[in-house]
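Each remark here refers to the structure printed beneath this line.
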Amino acid sequence: MIANIALVILSLAMIGFLYRVVKGPSVADRIIALDAVGITLAGMVAIVSMLLNTSAFLDVILLIGILAFVGTVAFAKFLEKGVVIERGNDR
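Each residue of the sequence shown is one higher than the one before, counting from 1369 in our numbering.
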């Protein structure tokens, strides 16, 4: 019962975050919203895992967390320097 309510609340939060990703006033707001989408998605998968009484989704939660973190770091580097991967000019 409580897990179902938590899933509904997280779904509503996901809709709000997706709205912010599309209509965000700045790029930084969109990046933060994308990070929040990743965290919310990991929480939703964790609740589904509890409802199904299985630990099979724990690897999925870890993968979502890693991808959300790497994506946020890449976007932050892009905002700071304008490129994600710097090419060395050693010639």
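Heads up, the beta-carbon is just placed ideally off N, CA and C, and yes, glycines get one too.
Sub-9 Å separation of residue i and residue j beta-carbons
| i | j | result |
| --- | --- | --- |
| residue 1406 | residue 1440 | yes |
| residue 1460 | residue 1436 | Residue 1460 is absent from the model: the chain starts at 1369 and stops at 1459. |
| residue 1425 | residue 1438 | no |
Bounding residues of the alpha helix (DSSP H) (the contiguous stretch that carries residue i)
| i | result |
| --- | --- |
| residue 1395 | 1395-1420 |
| residue 1455 | Neither: residue 1455 is in no alpha helix (DSSP H) and is coded neither H nor E. |
| residue 1424 | Note, residue 1424: premise wrong, no alpha helix (DSSP H); not H, not E. |
Exposure of residue i, with buried meaning 16 or more beta-carbon neighbours within 10 Å
| i | result |
| --- | --- |
| residue 1385 | buried |
| residue 1409 | buried |
| residue 1431 | exposed |
Contact test: residue i Cβ vs the ligand COA heavy atom, cutoff 8 Å
| i | result |
| --- | --- |
| residue 1403 | Ligands in the displayed structure: none, and consequently the ligand COA is not present. |
Where residue i sits in the DSSP three-state scheme
| i | result |
| --- | --- |
| residue 1382 | helix |
| residue 1392 | coil |
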